Every structure is written in structure tokens, then in C-alpha cells.
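Here the structure comes first, spelled out in C-alpha cells, and everything after it is commentary.
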Amino acid sequence: MLVALPPLDMPPRADHMGLTVEDMDVMVEFYRDTLGFEVVLRAHSDDEEMDTEPLRTLVGIDDADLEVAFLDAPGCAVELVRYDAPPGDSVEGVSNNDVGAKHFAFEVDDIDEWYDRFEATENVSTTSPPQDFGFTPRFCARPRGQRRRTPRSRMRERGKR
Numbered sequence: 034m035l036v037a038l039p040p041l042d043m044p045p046r047a048d049h050m051g052l053t054v055e056d057m058d059v060m061v062e063f064y065r066d067t068l069g070f071e072v073v074l075r076a077h078s079d080d081e082e083m084d085t086e087p088l089r090t091l092v093g094i095d096d097a098d099l100e101v102a103f104l105d106a107p108g109c110a111v112e113l114v115r116y117d118a119p120p121g122d123s124v125e126g127v128s129n130n131d132v133g134a135k136h137f138a139f140e141v142d143d144i145d146e147w148y149d150r151f152e153a154t155e156n157v158s159t160t161s162p163p164q165d166f167g168f169t170p171r172f173c174a175r176p177r178g179q180r181r182r183t184p185r186s187r188m189r190e191r192g193k194r
């Protein structure tokens, strides 16, 4: 039996992006201290106040032992998850042309200012100076030492398309 879907008046808005990370402290520091996001939740599945069954159902791993952090960003939150168990596969060496490679973009007012800020920050590495493709200048930055284990964050300058 086919069920008619209700009309789509408006597409859904993005709520958050989720990343599985190796080192929660390094990643929280990057998003909080370098990008200025606000930590709104940081919890572990073994915390007494956390109901782990719905969490395990949500992630689809029955015996998941994990830490989660939510960071508020303008327009969309970032969810960081670190699994203590079961161990997952490493994505070391993922290249942009590999199926499953990811990135997400942030909009900034002055891309050169952000690039200079990242270059002056000890715990951040960039792949290149901003590149102008004729529509939006871009560059990639990530926490130093997390080169291939996290999606690349692409910065784009507002108003230049």
C-alpha cells in the first residue's frame, strides 16, 4: 500500500553535523577556543544521569560506550562523538577523492582575517592560502595532528559569490 506524503512546504533546516573523533579534548578545544563555538553538552554514556538505551538505539550500536559533545554554532550545531567501545575502523589516509570523504563549510565576514588567525594559532594547520574560484574564496583548516581523522572545515567569505 502506497502512502501519500504530505506536501513539502519548506525543506528541513540543518540542525547539526556529527563527527566521530579520536581525541575529544583536542576537538572540543578546536571548535570552542579556535572557532568560538559554545559547548552546550558534554557527557559520557557511563554518566549516571544519562539514559544509555535510547542513545545506543540512536547510534545503532547495542554495546556502545561513548562520549558526546554538542557545540553551538550560528545556524547549525556540531556534535562530536568519541567511541570507547566497540572499537571502530580508522579512516587514516582518506583523501578528498575517496568515497565517504567529508567536509563542511563555515561562512565568515573576512576570509583573510580568519586565515591569518589560523596561521598564527599553534594547534591549527591549513592546506593553503585562500583560493578564489571566481565565486567564493576558500581554504581548509583543521586541528593540528588531526589531518586525516576529521572532515576538513572549509571557510568561505560572506558576500563573494
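Sequential numbering from 34 applies to the sequence shown in our numbering.
Note that the Cβ used here is the ideal one computed from N, Cα and C, for glycine as well.
Note that the coordinates shown come from a computational prediction; the quantities given were computed from them, not determined experimentally.
Residue j beta carbon less than 8 Å from that of residue i
{"i": "Y64", "j": "V111", "result": "yes"}
{"i": "D96", "j": "P119", "result": "yes"}
{"i": "T160", "j": "E152", "result": "no"}
{"i": "F70", "j": "A106", "result": "yes"}
{"i": "A138", "j": "V127", "result": "no"}
Cβ distance (whole Å) where residue i is taken to contact residue j below 8 Å
{"i": "V72", "j": "L104", "result": "5 Å"}
Cβ neighbours of residue i in the same chain (closer than 6 Å, five flanking residues each side left out)
{"i": "D117", "result": "D98"}
{"i": "R115", "result": "V54, M57 and E100"}
{"i": "V59", "result": "P176"}
N-terminal and C-terminal residue of the alpha helix (DSSP H) that residue i is part of
{"i": "V114", "result": "Note, V114: premise wrong, no alpha helix (DSSP H); beta strand (DSSP E) at A110 to A118."}
{"i": "M57", "result": "M57 to E62"}
Residue interval of the beta strand (DSSP E) (run including residue i)
{"i": "E140", "result": "H136 to V141"}
{"i": "F70", "result": "Counting along the chain, F70 falls outside any beta strand (DSSP E), and DSSP gives it neither H nor E."}
{"i": "L104", "result": "D98 to D105"}
{"i": "V36", "result": "Careful: V36 lies outside any beta strand (DSSP E) and carries neither H nor E."}
Close beta carbons around residue i, own chain, < 7 Å, minus the five adjacent residues each side
{"i": "D42", "result": "none"}
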